[in-house]
């Protein structure tokens, strides 16, 4: 049992050592902790599933643990260079690393525990740690965005708490293994399942309670935006996936499909009107979460596609926000029209940004493209051609909205001297983008991990 807890224990130890007085190597501690978490998560792929005691780790949990641990490591590495460019004298590096490690611990805890009540506790804990991370810059607008995030997300988590109460009323347990064996039915379960989609969907950036997301991404430090978008929202989606496993009745699937379509449509049209590149990429995250919800609502092949998007999104979207941090540290603005000639002035950042934008919008050969293709194909095979066509058109609109703006920033005429960031600040996102392509190679393994889940 102890070996299955290595990832979250590593993050917890990293948090405790980062805040200890007298120690001044928070960066090294965080990198060591993140490496240990990633190695621990990789080790679990060679071990049988764990379904006893306090932990429940199956194929879905293993996918989540590996995604969170990788973005944890890349964020710790990228932060080493990025934090040097924060000019606010009130910023405290030790506090940032403590909260980063604690935040990751809460996410790893959430996807490892064996009880839906503890899953709810873990997601609530991510709200506290992540809200404080957003405000670490001690900027007035960042603090305001953090409070808005806490208020909206807390409302959603109250709804998900009520969902757990309904489920407990029907089954007399919140143990995941017991619920999967019993497959409880009845009105209480159905209501709980619908409320869970709305409640946890608030944290995952699902329509209609997604308004906090672009505000937070627009104001948070770029490493925080990367880990928020890359894995925090998928962790909230993990709770919805568990509810689909337990109570995936047709009405729930239809409800999830509708909310996924609304999330996809709303984000696609809002992206077309954006003038701030961090908000643009935040709306792209809503689009990706909408596609994941559509995938798990349809099930079978589409659910595998949703998992592929989840993994590829973790790599690609974290890299995009790392690159956004590079732009912000040099151009001192997030306005799209004010950023010109990136390909000439910051060549590594510029070309990585171009390929990263292709990755997050589902261009081949990136993993998100494979996942989206599987979902659209599943919609056609499930006799939903109009839905499939609508999804394809909205994806095309989102693709154009993001890439036309990125192309303008990267390939426009330069208007200044070269100002490329250091090697580490560009190497980390480039590796992440490459892994987004490599995700395609592991689709059979992802499918094997999900066998028996969501009708796979």
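Residue numbers (the working numbering): 8 to 463.
For every residue, glycine included, the Cβ atom is placed at its ideal position computed from N, Cα and C.
Taken atom to atom, the span from the alpha-carbon of residue 406 to that of residue 377 is near 15 Å.
Residue 222 carries a helical assignment under DSSP once its states are collapsed to helix, strand and coil.
Here residue 68 has 118, 119 as same chain residues with Cβ atoms under 7 Å from its own Cβ, once five neighbours each way along the sequence are excluded.
Beta-bridge pairing by DSSP links residue 238 to no other residue. Secondary structure at residue 342: strand, using DSSP grouped into helix, strand and coil. For residue 231, the closest alpha carbon among the candidates 285, 245, 269 is that of 285. The C-alpha of residue 310 lies about 12 Å from the C-alpha of residue 264.
Of the candidates 16, 52, 427, 373, the residue whose Cα lies closest to the Cα of residue 44 is 16. If you compare the alpha carbons of 78, 28, 219 with that of residue 14, the shortest gap goes to 78. With contacts defined as CB atoms closer than 8 Å, residue 83 and residue 113 fail to qualify as a contacting pair. Within the same chain, 352 come within 7 Å of residue 425 by CB-CB distance, once the 5 residues on both sides are set aside. Here residue 64 is bridged, per DSSP, to 57. Residue 410: member of the alpha helix (DSSP H) spanning 392-418, first to last residue. Around the Cβ of residue 364, a 10 Å sphere holds 16 or more other Cβ atoms; the residue is buried. Cβ-Cβ distances below 6 Å link residue 412 to 343 in the same chain, with the five nearest sequence neighbours on each side left out; the list follows chain order. Partner residues in the beta bridge of residue 182, as assigned by DSSP, are 122. Non-local C-beta neighbours of residue 337 in its own chain, meaning closer than 6 Å and more than five positions away in sequence, comprise 426, ordered along the chain.
No residue range can be given for residue 281, since it is assigned to no alpha helix (DSSP H) and is classified by DSSP as neither H nor E. Here residue 269 has 214 as same chain residues with Cβ atoms under 6 Å from its own Cβ, once five neighbours each way along the sequence are excluded. Excluding sequence positions up to five before and after residue 52, its CB lies within less than 7 Å of the CB of 69, all in the same chain and listed in chain order.
The beta-carbon separation of residue 373 and residue 319, rounded to 6 Å, stays under the 8 Å limit for a contact. About 7 Å separates the CB atoms of residue 341 and residue 225; that is less than 8 Å, so the two are in contact.
Residue 298 sits in a helix when the DSSP states are folded into three classes.
The beta carbon of residue 418 sits closer than 7 Å to those of 350, all from its chain and outside the five residues before and after it, given in chain order. At a Cβ-Cβ threshold of 8 Å, residue 205 and residue 234 do not count as neighbours. Contact holds between the stretch 437-456 and the stretch 313-332, because three or more Cβ pairs, one in each stretch, are under 8 Å apart. The alpha-carbon separation between residue 299 and residue 316 amounts to approximately 7 Å. A direct Cα-Cα distance of roughly 48 Å separates residue 247 from residue 423. For the pair residue 55 and residue 141, the Cα-to-Cα distance works out to about 37 Å.
Within 10 angstroms of the beta-carbon of residue 170 lie 16 or more other beta-carbons, which makes it buried. Between the C-alpha atoms of residue 304 and residue 176 there is a straight-line separation of about 24 Å. Around the C-beta of residue 65, 16 or more other C-beta atoms lie within 10 Å, and the residue is accordingly described as buried.
Around the beta carbon of residue 8, fewer than 16 other beta carbons sit within 10 angstroms, so the residue counts as exposed.
The count of Cβ pairs closer than 8 Å, one atom from the stretch 193-202 and one from the stretch 278-298, stays below three, leaving the stretches out of contact. Nearest C-alpha to residue 134 among 207, 72, 88: 207. Excluding five sequence positions before and after residue 87, the CB atoms of its chain that fall closer than 6 Å to its own CB belong to 34, given in chain order.
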